[in-house]
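Written out below as C-alpha cells is the structure these notes cover.
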C-alpha cells in the first residue's frame with residue numbers, strides 16, 4: 002500500500018537543502034545552492050534540474066546518474082575529478098548544448114563563453130547580460146529572445162532566426178551577423194560594434210526592416226538608423 006503524502010512536512014523541490022539527501026531526498030529541482038560547499042553528498046540518480054550550482058564545491062560528491070539538465074554552473078564551480086559537466090546538460094562555460102531545447106529559459110547574467118549553441122532552440126529565452134563572446138550560435142532559433150546588454154563579441158549568428166530579438170545595448174563587436182536568416186522586428190538600439198555591418202543590415206528586405214516590434218515599440222529600420 003502506498004504511503005500517504007505527509008503535507009505538514011512536505012517542501013517543494015526548489016526549497017530542498019543539500020543535507021536533505023542524507024535522509025533519502027532525491028528531488029531538488031530549481032533549488033538555489035549557489036556558493037555552497039556540498040561535501041561528500043551522494044547525489045546519485047538525483048533530480049538536480051535547474052539547480053543553481055554557481056560557485057559550489059562538488060569535488061567530493063557522487064553525481065552518477067544525476068539529472069543536471071539546465072543546472073547552472075560557472076568557472077568557480079568545482080566538479081568531481083573526471084566528471085564530464087560539459088556534456089551533462091548543465092548550462093555554463095564550455096557547455097555542449099548544440100540543438101538543445103532552451104526555449105523561454107532564464108539565462109540572465111550567465112557565463113556561456115566557450116559553449117556550443119549551434120542549432121540551439123532559444124526562442125523567448127532571456128539572455129540579458131549574458132557573456133557570449135566567440136560563441137557559435139550558427140542556425141540557432143533566437144526569435145523573441147532577449148539579449149539586452151549581452152556581450153556577444155566575436156559571436157557567430159550565421160543562419161540564425163532573429164525575428165523580434167531584443168539586442169538593445171548589446172556589445173556586438175566583431176560579431177558575425179552576415180548570413181542571418183531574418184532580422185524581422187529585431188531591435189538593435191544602443192548596440193556597440195555594429196559600425197562595419199550597419200550598411201549590410203540596413204540593406205535587408207523591407208519586410209524585415211519595417212516590421213514593428215510590439216515589445217520595444219520600434220521597427221528594425223528605426224533601430225538601425227539610430228546607430229548612424
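Numbering (our numbering), first residue to last: 2 to 229.
Heads up, the beta-carbon is just placed ideally off N, CA and C, and yes, glycines get one too.
Taking 8 Å as the threshold, find out whether the segment 72-85 comes into contact with the segment 117-134 through three or more Cβ pairs.
Result no; under three Cβ-Cβ pairs closer than 8 Å.
Quick one: give me the first and last residue of the alpha helix (DSSP H) that residue 223 is part of.
Taking the first residue of the chain shown as 1, we reach residue 223 at position 222. Unbroken alpha helix (DSSP H) run through residue 223: 221-226.
My understanding is that residue 221 touches residue 187, with C-beta atoms under 8 Å, so please give their C-beta distance in whole angstroms.
The residue labelled residue 221 in the question sits at position 220 within the chain shown. The residue labelled residue 187 in the question sits at position 186 within the chain shown. Going by Cβ atoms, the distance from residue 221 to residue 187 rounds to 5 Å, so yes, they are a contact pair.
I need the DSSP call for residue 22, collapsed to helix, strand or coil.
Your numbering for residue 22 matches position 21 in the chain shown. Residue 22 falls in the helix class under three-state DSSP.
What does the Cβ neighbour count give for residue 213, buried or exposed, with the cut at 16 atoms within 10 Å?
The residue labelled residue 213 in the question sits at position 212 within the chain shown. Exposed, because fewer than 16 other Cβ atoms sit within 10 Å of the Cβ of residue 213.
Distance, Cα to Cα, residue 54 vs residue 29?
Locating residue 54 in the chain shown gives position 53, where the first residue counts as 1. Locating residue 29 in the chain shown gives position 28, where the first residue counts as 1. Just so you know, the alpha carbons of residue 54 and residue 29 end up roughly 12 Å apart.
Out of 174, 183, 42 and 190, point me to the one whose CA is closest to residue 204's CA.
Position 203 of the chain shown holds residue 204. Comparing C-alpha distances from residue 204 to each of 174, 183, 42 and 190 shows the shortest one belongs to 183.
If you draw a straight line from the alpha carbon of residue 35 to that of residue 165, how long is it in whole angstroms?
The residue you call residue 35 lines up with position 34 of the chain shown. The residue you call residue 165 lines up with position 164 of the chain shown. In this structure, the CA atom of residue 35 is about 33 Å from the CA atom of residue 165.
Looking at residue 170: is its Cβ nearer than 9 Å to the Cβ of residue 202?
Counting from 1 along the chain shown, the entry for residue 170 is found at position 169. Counting from 1 along the chain shown, the entry for residue 202 is found at position 201. When the beta-carbon positions are compared, residue 170 and residue 202 stay at least 9 Å from each other.
CA nearest to the CA of residue 101, picked from 217, 136 and 141
Locating residue 101 in the chain shown gives position 100, counting from the first residue. Of the candidates 217, 136 and 141, 141 places its Cα closest to the Cα of residue 101.
Exposure of residue 200, with buried meaning 16 or more beta-carbon neighbours within 10 Å:
By 1-based counting over the chain shown, the position of residue 200 is 199. It counts as exposed.
Relative to the C-alpha of residue 95, which candidate in 56, 224, 18 and 75 has its C-alpha closest?
On the chain shown, position 94 is the one that residue 95 refers to. Nearest Cα to residue 95 within the set 56, 224, 18 and 75: 75.
Quick one: what's residue 98 bridged to in DSSP?
Against the chain shown, residue 98 aligns to sequence position 97. DSSP, once it has assigned bridges, lists no residue as partnering residue 98.
For residue 207, report the span of its alpha helix (DSSP H) as first-last.
Numbered from its first residue, the chain shown carries residue 207 at position 206. Run containing residue 207: 207-210, per the alpha helix (DSSP H) assignment.
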